[in-house]
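A.B. asks:
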Amino acid sequence: MAAGIRVLSGLGEKAPACIRLDFLNRRWLLDCGDGLENEPGFDPAWLTKVNAVFISHDHVDHIGAAHYAVEAGLPIYCTAVTAKALPPGADVNILPAFGEIQVDGVTVTTGRTGHAFGGVWLHFDVGGGMLYTGDICTESDYFLYDPAPDAATVLCDTSYGMDNVSQRDRIDGLLGAVAGFDGQIMFPVPPSGRAAEMALLFERHGLTDWTMDMRCYGRVQQVLTPGGQDFVNPEAIADLRRLAPKAREFNPDAKLLLCHSPCGTRGASGEITRKWQEQGRLGQDAKVIYTGYMSETARRLVSEGKGEFHRWNVHPRLCDVVELVQNCHALQIVPLFCTRPEEFGLVEGFEGRLQLSDRFYL
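When the sequence shown is numbered by this note's numbering, its final residue is 1276 and no position is left out of the sequence of numbers.
1. Leaving aside the five residues before and after Arg940 along the sequence, list all residues of the same chain whose C-beta is less than 7 Å from its C-beta, in chain order.
2. Assuming Asn1007 is part of the beta strand (DSSP E), what are its boundary residues?
3. Taking just the CA atoms, how far does Gly1097 sit from Cys1233?
4. Strictly by DSSP, which residues pair up with Ser923?
5. Please look up how many angstroms separate the CB atoms of Tyr1056 and Arg1026, rounded, as I've assumed it's under 8 Å.
6. What three-state label does DSSP hand Phe1274 in the structure shown?
7. Between which two residues does the beta strand (DSSP E) harbouring Ala966 extend?
8. May I ask you to verify whether the region 1245-1254 touches the region 1060-1073, counting CB pairs closer than 8 Å and requiring at least 3?
9. Among Ala917, Glu1218, Lys1220, whose alpha-carbon lies nearest the alpha-carbon of Ala1066?
10. Can you check DSSP and say which residues form a bridge with Glu1291?
11. For the alpha helix (DSSP H) that contains Glu1192, what are its first and last residues?
12. State yes or no: is the C-beta of Leu1069 within less than 9 Å of the C-beta of Thr1052?
13. Go ahead and pull the three-state DSSP assignment for Glu1163.
14. What three-state label does DSSP hand Ala917 in the structure shown?
15. Tell whether a beta-carbon distance below 9 Å holds between Ser1080 and Asn1241.
16. In its own chain, which residues sit with a C-beta less than 8 Å from the C-beta of Phe1220, not counting the 5 before and 5 after it?
17. Residues in the same chain with beta-carbon distance under 6 Å from Gln1269, minus the five sequence neighbours each way, listed in chain order, please.
18. Let's see if you can read the secondary structure: which residues bound the alpha helix (DSSP H) around Met1128?
19. For the pair the region 1205-1223 and the region 1178-1191, tell me if three or more CB-CB distances fall below 8 Å.
20. Are the Cβ atoms of Ile1008 and Ala999 separated by less than 9 Å?
21. Does the distance from the CB of Gly924 to the CB of Gly947 come in under 9 Å?
22. Quick one: which unbroken beta strand (DSSP E) runs of 3-plus residues sit fully inside the region 1209-1235? Chain order, please.
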């Protein structure tokens, strides 16, 4: 079955995810993300003639504009976990965590991404197989990850570009930064992402004076429900169950604070950052450690010595991208969510397979 792809947002920049898949008389939208801070947002015109929307996971840059799809009355396909983040009135069609369903005669296969609670990659049986990874990570000891099937075309998360530093090395650097600072440290985190994972890391290393805000604790509660084992390692769930009573109440005086939102400008993390700044504490006896997306505000605070950046790998390294496209036997590779996708043309084995156009056919 012939099909066409239009990358509406996410190619050549770290921008919200939005991809259009056209085949026969159908038009499907894959993710409908919104911008973070000063990034460009979702264009409602992208929903023109769309028949259905598929959402990979519940992070803002993948789901933030879902209200447009809800207002348009479009069917939305996502996992039951991700559906909880949709606006009221959504026409939800549940995707399995790992399995396949038929949608308008097309086989849609899903698998866990290792990136976020409820997150799945999407494989469509069109054009020799098309895989859209959403955001993925193969290194997590917390989230489950499923290898994807063969796909002639792979639209892959390459957020880290040519970076090949392992999560183990990242964690060593993070723990060193924590050990070297006597004051309070706040970590802006996504509740459905690394909040619980980092809490478990702190406990394993004897850093027991940590707390998380209610948004993060709410996701811990979700993980501990019967559906949690669909996305999270059973051993991690057992450890979380023991820690749940401690996580129930937020302690603003704890040494290590895990707070929504990941950009550090909204939610509890934004409020605490502003409070510490007004009190003159930032850079003195309090600081922020960013482990993911760096907003304009975050970059400024780091440049002023009031914060630090220590990446926590939640996207694939270069070696992970290479392994994925090799295992899928991809003929076309589309590197998404990075600012210099052309660099992948220098990767051995990618010659002649790299697709950098925002419009192409499968």
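Built from N, CA and C at the ideal position, the CB exists for glycine as well.
C.D. replies: If we stick to the structure as given:
1. Asn965, Asp1018.
2. Residues 1005-1008.
3. Straight-line Cα distance between these residues: approximately 37 Å.
4. DSSP lists Cys932 as partners of Ser923.
5. Wrong, their Cβ atoms sit about 11 Å apart, outside the cutoff.
6. DSSP places Phe1274 within a strand segment (E or B) once states are collapsed to three.
7. Boundaries of the beta strand (DSSP E) harbouring Ala966: 966-968, taken from the DSSP string.
8. Verdict: yes, contact present.
9. When the alpha-carbon of Ala1066 is set against those of Ala917, Glu1218, Lys1220, the nearest one is in Ala917.
10. What is shown of the chain runs 915 to 1276, which leaves residue 1291 out entirely.
11. Where Glu1192 is concerned, the enclosing alpha helix (DSSP H) stretches over 1181-1192.
12. Using a Cβ distance threshold of 9 Å, Leu1069 and Thr1052 do not count as a contacting pair.
13. Of the three classes helix, strand and coil, the one that applies to Glu1163 here is coil, per DSSP.
14. In the structure shown, Ala917 sits in coil (DSSP, three-state: anything other than H, G, I, E or B).
15. Judged by beta-carbon spacing, Asn1241 lies beyond the 9 Å limit of Ser1080, meaning their Cβ atoms are not closer than that value.
16. Reading off the sequence shown, one finds Lys at residue 1220, where the question assumed Phe. Taken in chain order, the residues that qualify are Gln1191, Leu1196, Gly1197, Lys1201, Val1202.
17. Hits under 6 Å: Gln1246, Val1248.
18. Segment 1128-1137, the alpha helix (DSSP H) holding Met1128.
19. Flag = yes, the region 1205-1223 and the region 1178-1191 touch.
20. Annotated as distal: Ile1008 and Ala999, with beta-carbon spacing of 9 Å or more.
21. For the 9 Å CB-CB criterion, Gly924 and Gly947 form a contact.
22. Qualifying beta strand (DSSP E) stretches, in chain order: 1221-1223.
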